[in-house]
Each structure stands twice: as C-alpha cells, then as structure tokens.
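In what follows, a single structure is set out as structure tokens and then discussed.
Residue numbers (the UniProt record's numbering): 1 to 314.
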C-alpha cells in the first residue's frame, strides 16, 4: 500500500482526492509512481511520486514530485475522461511507453505516451486501440500471455509466441472486460484476434462483483497477479460507519487458456494455501441422497480455536 501526503499540492492546486495509478521499477532500481489527481472542480491531471526511503523494503512512505502535475488532459477530451496511468515499459525500439484510458464521445480508447526521462510524456497521434459505443475505459491494463506455457512474461518481452491482452473497466457498468490480440510495438497499435470479441463487447474478467482490476508482474515466480474491487451489498451509511467501502478480492494469477486460445484463466495465488491448516480427510464414507453422517472432528470449542475466518472472493 502506498501512502501519499495529501495536503495542498506544491503548486497550490487543491486536490479533491486521487484516482488510481501504477508503480514502475526501472532496470537501475529507480522507483516512481504515476497517478491521477482531481482538482476541486473535478478536473483530472497526472502526477508523480517517489519513495521517501528507497532502501526501506515495504516502501510505505512516498512524497509527491515538486513539479506536479506533470501533464494534463489532451485537447478534445473531457476533463474527467483521462485517468489511471499504467506502468512504464520499454519497447523493442528502446523507447519507454505508458498508456492511459479515455474516451471520445462514446468511443472507449487507450492513449499511448512516450517518455525519455519518466517525468515528461509525449502523447502519440493515434490511440493504441479504440472501440465505439464502449464509453469511458478506466484502469486500463495491458500485458502479454504466452502461447506455449504458463510462465508469465515481463512487459519487455516480444516475439511470435506471445499475445497481448487489453483489459478495461467500463465506467458506470462496474464490469471489467478483456480481449486478446496482437501488438505492433513499432507502430504502437493493437489488433484483436476476433473483432466480435473486442474490448468491451467480448469477454468479462469475472461475472461476479469485480471491477477496476489491476495486475502486476511477479519476476520471482514468473507470474502475473491481478486484484480488483469487490463491492459490498450494504448501504452507504454502513460504509461511513466502517470507515471504508468495498474490499479487494484474493490475488489471482492470469494465463492464456491454450486449449481455446481465446480465453484467460484466473486462479487464486498459491499463497492462500497457507490459510488452510490442520485439515482432516475422511476417505471411506459413502454418501447417499439425504444422508446425514456425523464426523469426529472434535468439540465445537476445539474447532473454533483451530479455525481462522477469512472472507475470500474468487
């Protein structure tokens, strides 16, 4: 979790909260975060932050860049329709890129930016991809999946055995959609494998309560892990009483379903196995319809003492 000092902005702009962003770790171990801020009139702009102490392993304290905001909404785009910068990655041409979700009229799209110094960003003339009548694309995600195995790839990987996924969160619908296709890294263009299954009109990431998801690449275990917001069903005043609203689902790995080549497979990360302990197996029980069979698992007090309660949404 990242904590930013949320007082007045260095240039005097009054912020009215933050939207999402992403953290980037460069090859020289430099770390920075890009995020979307709101003014008091809900005009969105993009900002940068860096860790206070890069040697601290959890990086829990960050400070805003003195030159914020680093760039604004492009001309012709609504002031509230440009947000959620991605992780910066390096293409095969040596250029560093970053993407953001937006819309023009009712067309959802992904803008591409290039940067040389990770503070100044140049918007390309053409979007990475767009789909009419899909409205605002929030929390856009863009990553590779392997056609040959379940080992996940870093964003710098390219080649014939790779497909690229675009994931977007449809504002107002509270649903996440994805599509699988081919990325032309030289021209910064993405094409869906099947236009009928394009972003926002094809597959959803989850058919339950799952929205505004974001993934990261785990270089140690060579996997991609995704989290999303899980809306709770109670009322707004209960959110105020608790001091929070919504929760995160358990992290899930993402790989390509190589049997179909058209779907993604999400599976809970292996770490949740640590939540299960003192298990008992009953192997020689035959169950018939309506059967009630008592199991010797100790007294209720013993069961309660050996039980940890977690709310797991998968």
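Beta carbons are placed, not taken as given, at the ideal position from N, Cα and C, and that holds for glycine.
Same chain only: Cβ atoms within 6 Å of residue i, ignoring 5 sequence neighbours per side
i: residue 191; result: 181 and 182
i: residue 196; result: none
i: residue 296; result: none
Residues of its chain near residue i, where Cβ-Cβ distance is below 8 Å and the 5 sequence neighbours each way are ignored
i: residue 106; result: 132, 133, 134 and 135
i: residue 293; result: 285 and 287
i: residue 257; result: 263, 264 and 265
i: residue 96; result: 88, 89, 90, 114, 115, 116 and 118
i: residue 159; result: none
For residue i: DSSP bridge partner residues
i: residue 104; result: 107
i: residue 316; result: There is no way to answer for residue 316, as the model of the chain reaches only from 1 to 314.
i: residue 45; result: 37 and 72
i: residue 315; result: Lying before the first or after the last residue shown, residue 315 is absent from the chain, which here runs from 1 to 314.
Start-to-end residues for the alpha helix (DSSP H) that takes in residue i
i: residue 239; result: 236-242
Proximity of residue i and residue j at Cβ, strictly below 8 Å
i: residue 140; j: residue 165; result: no
i: residue 225; j: residue 210; result: no
i: residue 113; j: residue 123; result: yes
i: residue 20; j: residue 245; result: no
i: residue 185; j: residue 92; result: yes
i: residue 17; j: residue 69; result: no
i: residue 168; j: residue 138; result: yes
i: residue 151; j: residue 161; result: no
i: residue 232; j: residue 247; result: yes
i: residue 86; j: residue 99; result: yes
Host beta strand (DSSP E) of residue i (start-end)
i: residue 229; result: 223-230
i: residue 166; result: 162-170
i: residue 181; result: 175-184
i: residue 87; result: Element bounds for residue 87: n/a, residue is neither H nor E.
i: residue 252; result: 252-256
i: residue 151; result: Segment: none, residue 151 is in no beta strand (DSSP E) and carries neither H nor E.
i: residue 130; result: 129-131
Cutoff 7 Å; reference residue i; Cβ partners in own chain excluding five residues on either side
i: residue 72; result: 45
i: residue 307; result: For residue 307, the pLDDT reaches just 43, beneath the cut-off of 50, and the residue's location in the model is therefore unreliable, although a value from the coordinates is still provided. Cβ within range, chain order: n/a, list empty.
i: residue 298; result: none
Subject >> Cβ pair count under 8 Å reaching 3, the region 196-203 against the region 211-229 >> reply: no
Original post:
Should the region 58-65 be called in touch with the region 74-91, which here means at least 3 C-beta pairs below 8 Å?
Top reply: no
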